[in-house]
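First residue of the sequence shown: 962, per the numbering used here; consecutive thereafter.
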Amino acid sequence: MTDIVDINTYLRSMSTTLFDKVWWIDKIPDDINTIVDFGCAKADLAVLINRIMPNKFHYVGIEESRIMAHLARDNLDSYASDTCSWQVLPSLSAASKSNNFRNSVLVLNSVLHEVFTYKSESEIQSLMSQIRNLGFRCIAIRDMCPSRFNVHDHIEAKCAILSSSRGDLWREYDKFRRETKIAGVEYDEDTWLQEFLLKYRYEANWEREKQEKYLWNIPAKLAQYGLLDKYEIGFENKFYIPF
């Protein structure tokens, strides 16, 4: 995995969509008392939720990155220490030693596409097996799936890119995608274009971004790893980004 070069840009981008990341808050059972935020970054989700519903949930942030985990602890220490109980831990295994997940919601916000891109097949299988077996009451997922352009929009979007200051970046990305495969998977033309339109703003972290695959068929992957054998989809919604 290529490191994040400009962590502030990365965190700022995630914080702009924070309200979208609590879409599930009115859909979980009333007796849910624990939020397990997998890939919590600096734990802004906990701060937001505690403002909406003070002292309602015990928050468990899971963060592999030591830098992010440090930021999360500082963030929670300065804001939430007196108003909610919290932990920041490096893995689900570590969290399971001190938590019962029977009345918990596992939150997977824009993290599964990173799991599927960067982790090995054995690591993915191990993680999905953990999720199946730890007994979470609910799982809330927000991530990206491929959609379809109509022909006119596809041509219009590509022409707009080529005539803008991002034209050279697109040509570099187009060359890159012809010479390699992102996460070993081939895309069709629509999906490559959507990937670029989602990524081009993050030039500071471009070496990482251009290698990352955003657009996975998430429901199909959940079925592949057996999660839909244990969980049924209770709510599903799609939003198409207006490029």
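Note that CB positions come from ideal geometry on N, CA and C, so glycine has one too.
With C-beta atoms as the reference, is arginine 1098 less than 8 Å away from lysine 1191?
-> Here residue 1098 corresponds to residue number 137 of the sequence shown, with the count starting at 1. Here residue 1191 corresponds to residue number 230 of the sequence shown, with the count starting at 1. Contact flag unset, no.
Is tyrosine 1020 helix, strand or coil when you go by DSSP?
-> As a working mapping, residue 1020 is identified with position 59 in the sequence shown. Of the three classes helix, strand and coil, the one that applies to tyrosine 1020 here is strand, per DSSP.
Close beta carbons around arginine 1127, own chain, < 6 Å, minus the five adjacent residues each side = Translated into positions along the sequence shown, residue 1127 becomes position 166. Cβ within range, chain order: Tyr1161.
With a threshold of 16 other CB atoms inside 10 Å of the CB of isoleucine 1194, please say whether the residue is buried or exposed.
-> The residue you call residue 1194 lines up with position 233 of the sequence shown. Classification for isoleucine 1194: exposed.
For asparagine 1070, does the three-state DSSP call read helix, strand or coil?
-> As a position in the sequence shown, residue 1070 is number 109, starting the count at 1. The answer is strand: DSSP assigns asparagine 1070 an E or B state.
Cβ neighbours of phenylalanine 1137 in the same chain (closer than 8 Å, five flanking residues each side left out) = As a working note, residue 1137 is residue 176 in the sequence shown. These residues qualify, in order along the chain: Lys1171.
Taking the runs of the alpha helix (DSSP H) that are 4 residues or longer, which of them lie wholly in the stretch 1085 to 1142?
-> 1112 to 1123 and 1128 to 1140
Taking 8 Å as the CB-CB limit, is lysine 1182 close to chain B?
-> Going by chain labels, chain B is absent from the structure shown, which holds only one protein chain.
Could you tell me which of Gly1000, Ile1013 and Phe1200 sits nearest to valine 983, measuring between CA atoms?
-> Translated into positions along the sequence shown, residue 983 becomes position 22. Out of Gly1000, Ile1013 and Phe1200, Ile1013 has the C-alpha closest to the C-alpha of valine 983.
Does the distance from the C-beta atom of asparagine 1060 to that of valine 1008 stay below 8 Å?
-> Sequence index remark: in the sequence shown, residue 1060 carries index 99 (1-based). Sequence index remark: in the sequence shown, residue 1008 carries index 47 (1-based). Not a contact, by the Cβ cut-off of 8 Å.
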